[in-house]
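In full-length UniProt numbering, the protein residues as written are 1 to 256.
Even for Gly, the Cβ is constructed at its ideal location relative to N, Cα and C.
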Ligand SMILES: Cc1cc2nc3c(=O)[nH]c(=O)nc-3n(C[C@H](O)[C@H](O)[C@H](O)COP(=O)(O)OP(=O)(O)OC[C@H]3O[C@@H](n4cnc5c(N)ncnc54)[C@H](O)[C@@H]3O)c2cc1C
């Protein structure tokens, strides 16, 4: 440790990535008296994102952050989880109310709304949008960081919260290759006619799955498909995906 070592709330923290993990981490740090810098690659958050299900283990963190009420104002509580076969036959419906009494309600929320809620827990001036890191140079006591806007900073701690294709991970650990699991997935919004408030519906088939997730902002569908020899998957054009989904709900879905 040298004379410049900082302690307590003087600790300089950089959070790279202002997504769900980054904003949560920064909000919790601010709550504890730190003033972390956050850099977020995108210029603005916009409407990009999907429906996210938060079970109590996750949403309890929002209680700790003091953001649970704001979260509830935008999230849809779930009371039922219905499991169906891929031909649409109902296999079982689980009533989630007992779980809700014991642990809290599961919710679904549109990702941009969750980002808004988490963003409120962080001081605006601490977030630099449209910025990322170009160099991370770790020394014994501190980390020197160079940013894309040409500025530099010295930090005691750098948090890599920049998602699955993390630049921080690459800078620190080199090329860590991702492992392809053999699935292609489509996520899209479907006709609200199918919307059943508070009910998650999942169609489980052989090598494929279709989940329906109602949110305040519409009904999201998630459709993963396992690649297998001799078993064609739908081409990634929207038309074919919708065709496959409608065949599932029409009950004429064939496994191969
Ligand atoms: C279709 C789908 C459905 C999902 N459903 C659920 C669900 O129901 N429940 C659930 O808990 N999870 C769900 N997940 C997983 C969940 O979305 C992720 O676990 C979560 O988003 C990870 O958060 P994160 O902050 O680590 O990364 P991200 O949410 O990916 O955020 C990373 C942030 O870093 C920014 N960034 C990227 N690179 C850089 C860089 N170099 N410099 C600066 N900023 C950068 C990005 O712009 C982004 O804002 C789902 C994921 C998908 C794809």
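Euclidean distance between Cα positions of residue 159 and residue 183: In the chain shown, the residue the question calls residue 159 occupies position 159. In the chain shown, the residue the question calls residue 183 occupies position 183. Going by the C-alpha atoms only, they are around 30 angstroms apart.
Nearer than 8 angstroms: is that true of the beta carbon of residue 20 relative to any heavy atom of ligand 1? Within the chain shown, the letter at position 20 stands for residue 20. The nearest non-hydrogen atom of ligand 1 is less than 8 angstroms from the C-beta of residue 20.
What's the C-alpha gap between residue 187 and residue 212? By one-based count along the chain shown, residue 187 stands at place 187. By one-based count along the chain shown, residue 212 stands at place 212. Taking the straight line joining both Cα atoms gives about 10 angstroms.
So is residue 165 buried or exposed if we call it buried at 16+ other beta carbons inside 10 Å? Here residue 165 refers to the residue found at position 165 of the chain shown. With fewer than 16 other Cβ atoms within 10 Å, it is exposed.
Which of the three DSSP states is assigned to residue 218 in this structure? As a first step, residue 218 is located in the chain shown; it is residue number 218 there, counting from the start. Residue state, collapsed to three classes: strand.
I want to check one thing, is the minimum distance from the CB of residue 93 to the heavy atoms of ligand 1 below 8 angstroms? Here residue 93 refers to the residue found at position 93 when the chain shown is read from its first residue. Judged by the Cβ position, residue 93 fails to qualify as a neighbour of ligand 1 at the 8 angstroms threshold, every heavy atom of the ligand being at least this far.
Please state the DSSP three-state secondary structure of residue 200. As a first step, residue 200 is located in the chain shown; it is residue number 200 there, counting from the start. Correct three-state label for residue 200: strand.
According to DSSP, residues forming a beta bridge with residue 110: To locate residue 110, count along the chain shown from 1; it is residue 110. DSSP output for residue 110 lists 51 as bridge partner(s).
I'd like to check one pair, residue 67 with residue 121: are the Cβ atoms closer than 9 angstroms? If you number the chain shown from 1, residue 121 lands on position 121. If you number the chain shown from 1, residue 67 lands on position 67. The answer is yes: Cβ separation under 9 angstroms.
Measuring only from the beta carbon, is residue 35 closer than 8 angstroms to any heavy atom that is part of ligand 3? Here the bound small molecules are ligand 1; ligand 3 is not part of this structure.
Pull up the CB-CB distance for residue 214 and residue 91, whole angstroms please, since I reckon it's below 8 angstroms. In the chain shown, residue 214 corresponds to position 214, counting from 1. In the chain shown, residue 91 corresponds to position 91, counting from 1. Contact flag wrong, Cβ pair sits at about 20 angstroms.
Which class does residue 187 belong to by DSSP, given the choice of helix, strand or coil? Residue mapping note: residue 187 aligns to position 187 of the chain shown, counting from 1. The answer is strand: DSSP assigns residue 187 an E or B state.
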